[in-house]
Amino acid sequence: MYSTHAVINRTPRAKDAELAACRWPEDALHFIPDWVYTSEPVYEREMERIFRGRTWNYVALEAEIPNTGDFKRSYVGATPVVVARAADGSISVFENRCAHRGAEFCRHGQGNTSEFVCPYHQWSYDLKGNLQGVPFKRGVNREGGMPKDFKNEDHGLVKLHVTTRHGVIFASYSNEVEAIDEYLTPEILKDFDVVFPGKKLKVLGYYKNELPCNWKMYHENLKDPYHATLLHSFLVVFGLLVAGNKAAMIADPVHGRHGTMASAKTEDKYAEVSAENKKEMRSFHEGMRLQDDRFLDFVKEFDSPWSVTMQTVWPNLVVQREMNTLGVRQIVPNGPNSMLMLWTMFGYEDDTEEMTQHRLRQGNLMGPAGFLGLEDNEAMKFVQEGVRRSSTDRNVLKLDSGHVGTSNSLISEAAIRAMYSHYRDVMGF
Ligand SMILES: [Fe+2]
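FYI, in numbering that gives the first Met the number 0 the residues of the sequence shown are 0 to 428.
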């Protein structure tokens, strides 16, 4: 773990001075300054302006809390929250911080309860986050206790706005954030609704890992189709994504903050790669074969031209459809130099047992140690180590230069440029 102790000794004035010194390079579209990945004051401003700003943050799937009293611990940015379903069927999201002395009162990842009781002084809250009970509220023997004018209503948990889209739950601190479908934009909704058509989901399992990199790198990674054709041997050798396949890197046209990396695999299980393209890809290995061929089966289950859509929903959600493996990944920032990745893999309630087994088998593509997930984790760690400890101060973003947003070429950084245009706006850089 990287320590964030440095911030404790930094005075507000020193923080302001550090922020004031953060100037984006002049050719703003084609360079990213290193400090966006490493600066503590920049990270704090991100928490305030992005995660507690006008955004919808993914917090859970409805399938995880189907019944009254079901709850799940989650995060909005780095802030711990609880997602709970009340008796009237409504979903509430509130901070996992007791209104009394600040204890993170909910200690279980998931469960069912009739109320939340803080372990420290046993203040209790209902399923909507309202304060119900304060022990010894009137004191003992007429001594001590709360002042007469203390009202439970004034001391509930901090509640967030909640919305859902086809079984996916989002929360926001903002009163001004647009409705979720408008937030996502039609271009992103198109592939989002393929995975979430409104059918009931069946959760298949979880992964959780820490990545020693800045949270934005994960967005960048999934807006960077260039690396996919180079880093990932598995994609290339087995024809899942090869330079020259039908593919697109779609950015939402309103803010450029969301993205869909989409591709259509070749018909054959093993790719035909031209001699010219092979020369460009060191990760291509001729003649590599799988022991269990079923792993690469693609059951056509969706009305979509794509076999793969990897969506980034700003600021903390990844929706994964990699052939028949479906999942969401929640990005939890953990200081500038670290992030947590919480994965929830699922299928549909009406899947056959055979389909469930297929999804589980193919699930080995992803996850922290998946055939595809593994290399990204390593690459991002290498980038963080590079930007933290070198003498240079910027990243170069010149592929497909000048273009911002959607690109039909995989050899493009146009979607990363779009994301950082939005980022600069919101952050004031
Ligand atoms: Fe990757």
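Beta carbons: idealized from backbone N, C-alpha and C, even for Gly. Source: prediction; values computed, not measured.
Exercise. G76 to Y347, Cα distance in whole Å?
Worked result: One-based indexing of the sequence shown puts residue 76 at position 77. One-based indexing of the sequence shown puts residue 347 at position 348. Going from the Cα of G76 to the Cα of Y347 covers about 28 Å.
Exercise. Relative to the alpha-carbon of N56, which residue among I179, Q361, E209 has its alpha-carbon at the smallest distance?
Worked result: The residue given as residue 56 occupies position 57 in the sequence shown. Closest by alpha carbon: I179.
Exercise. Pick out every residue whose C-beta is nearer than 6 Å to a heavy atom of ligand 1: which are they, in chain order?
Worked result: N220, H226, A227, L230, H231, D375
For this session: Please state if the CB of T228 and the CB of L210 are separated by a distance shorter than 8 Å.
Result: Here residue 210 is taken as the residue at index 211 of the sequence shown, counted from 1. Here residue 228 is taken as the residue at index 229 of the sequence shown, counted from 1. The answer is no: Cβ separation not under 8 Å.
Exercise. If you follow the beta strand (DSSP E) that I49 is part of, which residue opens it and which one closes it?
Worked result: Residue numbering aside, residue 49 sits at position 50 when the sequence shown is read from its first letter. Run containing I49: none; DSSP gives neither H nor E here.
Exercise. Given a threshold of 16 other Cβ atoms within 10 Å of its Cβ, counted over all protein chains shown, does N407 qualify as buried or as exposed?
Worked result: Counting from 1 along the sequence shown, the entry for residue 407 is found at position 408. Label assigned to N407: exposed.
Exercise. Hey, G369 and F345: beta-carbon distance below 8 Å or not?
Worked result: Counting from one through the sequence shown, the residue named residue 369 turns up at place 370. Counting from one through the sequence shown, the residue named residue 345 turns up at place 346. Contact flag unset, no.
Problem set entry | Entirely enclosed alpha helix (DSSP H) segments - the region 375 to 418, minimum 4 residues | none
Problem set entry | Beta-carbon spacing of M426, R44 below 8 Å | Your numbering for residue 426 matches position 427 in the sequence shown. Your numbering for residue 44 matches position 45 in the sequence shown. In this structure, R44 lies closer than 8 Å to M426 by Cβ.
For this session: Look at the alpha carbon of E412 and the alpha carbon of G362, and state the distance between them as a whole number of angstroms.
Result: Mapped onto the sequence shown, residue 412 falls at position 413. Mapped onto the sequence shown, residue 362 falls at position 363. Roughly 28 Å separates the two Cα atoms.
Problem set entry | Range of the contiguous alpha helix (DSSP H) that encloses F233 | Walking along the sequence shown from the start, residue 233 turns up at place 234. 232 to 236 is the span of the alpha helix (DSSP H), which, as asked, contains F233.
For this session: Rounded to whole angstroms, what's the CA-CA distance from V194 to N323? Just pull it up for me.
Result: For the purposes of this step, residue 194 is identified with residue 195 of the sequence shown, where counting begins at 1. For the purposes of this step, residue 323 is identified with residue 324 of the sequence shown, where counting begins at 1. Their backbone Cα atoms lie some 10 Å apart in a straight line.
Problem set entry | Chain-order list of residues whose beta-carbon lies under 6 Å from that of H160 (same chain, five-residue window excluded) | Taking the first residue of the sequence shown as 1, we reach residue 160 at position 161. Closer than 6 Å at Cβ, skipping near neighbours: S171.
For this session: Reducing DSSP to helix, strand and coil, say where M216 ends up.
Result: Residue numbering aside, residue 216 sits at position 217 when the sequence shown is read from its first letter. Of the three classes helix, strand and coil, the one that applies to M216 here is helix, per DSSP.
Exercise. Distance, Cα to Cα, N95 vs L203?
Worked result: Along the sequence shown, read from residue 1 onward, the residue named residue 95 stands at position 96. Along the sequence shown, read from residue 1 onward, the residue named residue 203 stands at position 204. Using only the alpha carbons, I get a separation of about 26 Å.
Exercise. Quick one: what's got a C-beta closer than 6 Å to Q109's C-beta in the same chain, skipping five residues either side?
Worked result: One-based indexing of the sequence shown puts residue 109 at position 110. Answer for Q109: K71, listed in chain order.
Problem set entry | Identity of the residues DSSP links to S73 by a beta bridge | Locating residue 73 in the sequence shown gives position 74, counting from the first residue. Answer is V80.
Exercise. For T308, does the three-state DSSP call read helix, strand or coil?
Worked result: Along the sequence shown, read from residue 1 onward, the residue named residue 308 stands at position 309. Reduced to three states, the DSSP call for T308 is strand.
Exercise. Roughly how many angstroms separate the alpha carbons of V92 and V82, rounded to a whole number?
Worked result: Numbered from its first residue, the sequence shown carries residue 92 at position 93. Numbered from its first residue, the sequence shown carries residue 82 at position 83. Computed Cα separation, rounded: 5 Å.
Problem set entry | Where the beta strand (DSSP E) containing A368 begins and where it ends | Start at 1 with the first residue of the sequence shown, and residue 368 comes out as number 369. Segment: none, A368 is in no beta strand (DSSP E) and carries neither H nor E.
Exercise. What is the residue span of the beta strand (DSSP E) that R328 lies within?
Worked result: Taking the first residue of the sequence shown as position 1, residue 328 is located at position 329. Here the beta strand (DSSP E) through R328 covers 324 to 332.
Problem set entry | Secondary structure of E114, DSSP reduced to three states | The count along the sequence shown starts at 1 and reaches residue 114 at position 115. Coil at E114, not helix or strand.
Exercise. Ends of the alpha helix (DSSP H) at K189?
Worked result: For the purposes of this step, residue 189 is taken as residue 190 along the sequence shown, with counting starting at 1. Where K189 is concerned, the enclosing alpha helix (DSSP H) stretches over 185 to 194.
Exercise. If you check the beta carbons only, do P304 and A263 fall under 8 Å apart?
Worked result: Position 305 of the sequence shown, counted from the first residue, corresponds to residue 304. Position 264 of the sequence shown, counted from the first residue, corresponds to residue 263. Yes; because the gap between Cβ atoms is below 8 Å, this pair is in contact.
For this session: Quick one: using the 10 Å Cβ neighbour count with 16 as the cut-off for buried, is M309 buried or exposed?
Result: Within the sequence shown, numbered from 1, the residue matching residue 309 stands at position 310. Buried, since its Cβ has 16 or more Cβ neighbours within 10 Å.
Exercise. Just curious, the alpha helix (DSSP H) that E275 is in, first and last residue?
Worked result: In the sequence shown, counting from the first residue as 1, residue 275 sits at position 276. Note, E275: alpha helix (DSSP H), 274 to 279.
Problem set entry | Sheet register partners of G346 (DSSP bridge) | Along the sequence shown, read from residue 1 onward, the residue named residue 346 stands at position 347. Partner(s): K201.
Exercise. Which of helix, strand or coil does DSSP assign to N56?
Worked result: The sequence position of residue 56 within the sequence shown is 57, counting from 1. In the structure shown, N56 sits in a strand (DSSP, three-state: E or B).
Exercise. Beta strand (DSSP E) containing Q319: first to last residue?
Worked result: Translated into positions along the sequence shown, residue 319 becomes position 320. Q319 -> beta strand (DSSP E) spans 316 to 321.
Problem set entry | Three-state class that DSSP yields for N151 in the structure shown | Looking up residue 151 in the sequence shown gives position 152. The answer is helix: DSSP assigns N151 an H, G or I state.
Problem set entry | Best match in T184, E142, R393 for proximity to V35 [C-alpha to C-alpha] | Taking the sequence shown and counting its residues from 1, one reaches residue 35 at position 36. With distances taken between Cα atoms, V35 lies closest to R393.
For this session: Excluding the 5 residues preceding and the 5 following N336 in the sequence, name in chain order all residues of the same chain whose CB lies nearer than 7 Å to its CB.
Result: As a working note, residue 336 is residue 337 in the sequence shown. Result list for N336: Y1, T37, P211, N213, Q383, R387, in chain order.
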